[in-house]
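Residues in the sequence shown are numbered consecutively from 1, following UniProt numbering.
Ideal Cβ placement from N, Cα and C applies to all residues, glycine included.
Have a look at the structure below before the remarks.
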Amino acid sequence: MSMAPLRGGQARRDQLLNITLDVLRENGYERLTIDEVVGRARASKTTVYRRWPSKSALVVAALVNAISDLPASHDTGSLRGDLLAYFHDLIDEMERLADVMAGLVGELRRNSELAAAMRKGYIDARRRPVIDAFVRARDRGEMASTADVDLLWQIAPAVIFFRWLLTGVPVAREETHRLVHDVVLPLALATPNNPPPHPVTS
1 MSMAPLRGGQ ARRDQLLNIT LDVLRENGYE RLTIDEVVGR ARASKTTVYR
51 RWPSKSALVV AALVNAISDL PASHDTGSLR GDLLAYFHDL IDEMERLADV
101 MAGLVGELRR NSELAAAMRK GYIDARRRPV IDAFVRARDR GEMASTADVD
151 LLWQIAPAVI FFRWLLTGVP VAREETHRLV HDVVLPLALA TPNNPPPHPV
201 TS
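Structure follows, in structure tokens:
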């Protein structure tokens with residue numbers, strides 16, 4: 001089903017979605033209302049609901065719009081290059097949205113509609129290009145055919161989100177090189193008969 005355009009085109013759409021993020025930052029998800037968003041944006045409530053039929057859909061659209069200038073995918077010709085590019089993009093996302101994400105973490109556990117919208121509209125869109133990168137690498141013989149690509153793609157978000165959201169410490173871009181070389185690539189190459197090396201312990 002096609003979405004009704006906002007009067008004024010892309011610029012008006014961007015403005016409304018940016019205002020949505022502003023209201024979300026100020027009020028939190030629970031107290032965010034469509035009325036306040038359209039009031040600030042001087043938009044038609046009917047038109048907004050035609051395009052985004054729920055508050056969760058509007059919020060997810062605002063998150064996606066905030067990172068719309070980042071590449072949808074990377075194909076550098078190597079798994080290492082693809083992963084580094086992906087991890088750097090993920091850091092860019094967190095620099096823009098960490099405060100919003102922190103406010104949504106608890107809400108996602110309570111609100112099944114928001115959680116479903118986030119999975120479908122935000123998480124799956126970020127997951128697919130990374131899975132594709134692993135599949136290309138497997139086809140090139142860069143990783144084991146038995147590697148669990150669905151687990152591998154979650155490593156970077158798990159580390160970056162934990163550090164940023166729970167400790168308040170950002171992950172530096174330089175640290176992504178260690179994450180790629182010391183964690184993800186060894187796991188990607190591991191097989192049942194050739195497991196990754198155990199870390200050295202004192």
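Among the options, nearest to residue i - alpha-carbon criterion
| i | options | result |
| --- | --- | --- |
| residue 82 | 147, 164, 132 and 12 | 132 |
| residue 24 | 113, 55, 92 and 175 | 55 |
| residue 17 | 159, 126, 58 and 127 | 58 |
| residue 26 | 144, 188, 102 and 175 | 102 |
| residue 51 | 34, 40 and 66 | 34 |
| residue 183 | 159, 73 and 90 | 159 |
| residue 100 | 110, 64 and 69 | 64 |
| residue 143 | 15, 19, 47 and 79 | 79 |
| residue 165 | 125, 95 and 110 | 95 |
Status (buried if at least 16 other CB within 10 Å, exposed otherwise) for residue i
| i | result |
| --- | --- |
| residue 13 | buried |
| residue 162 | exposed |
| residue 89 | buried |
| residue 169 | exposed |
| residue 191 | exposed |
| residue 172 | exposed |
Between the CA atoms of residue j and residue i - distance to the nearest angstrom
| i | j | result |
| --- | --- | --- |
| residue 112 | residue 122 | 15 Å |
| residue 175 | residue 21 | 29 Å |
| residue 147 | residue 87 | 19 Å |
| residue 92 | residue 134 | 21 Å |
| residue 167 | residue 97 | 16 Å |
| residue 2 | residue 141 | Since pLDDT at residue 2 reaches only 36, below the 50 mark, its modelled position is unreliable, and no value is offered. |
| residue 10 | residue 186 | 44 Å |
| residue 177 | residue 145 | 23 Å |
| residue 32 | residue 53 | 15 Å |
| residue 66 | residue 77 | 28 Å |
| residue 139 | residue 49 | 44 Å |
| residue 154 | residue 44 | 39 Å |
| residue 125 | residue 47 | 25 Å |
| residue 201 | residue 156 | With a pLDDT of only 46 at residue 201, under the threshold of 50, the placement of this residue in the model should not be trusted; the figure read from the coordinates follows. Cα-Cα distance, rounded: 23 Å. |
C-beta atoms of residue i and residue j nearer than 7 Å
| i | j | result |
| --- | --- | --- |
| residue 115 | residue 108 | yes |
| residue 188 | residue 151 | no |
| residue 40 | residue 19 | yes |
| residue 129 | residue 68 | no |
| residue 118 | residue 60 | yes |
| residue 84 | residue 180 | yes |
Rounded distance between the beta-carbons of residue j and residue i, thought under 8 Å
| i | j | result |
| --- | --- | --- |
| residue 75 | residue 136 | 7 Å |
Contact test: residue i Cβ vs the ligand ZN heavy atom, cutoff 6 Å
| i | result |
| --- | --- |
| residue 96 | The ligand ZN is absent from the structure shown, which contains no ligand whatsoever. |
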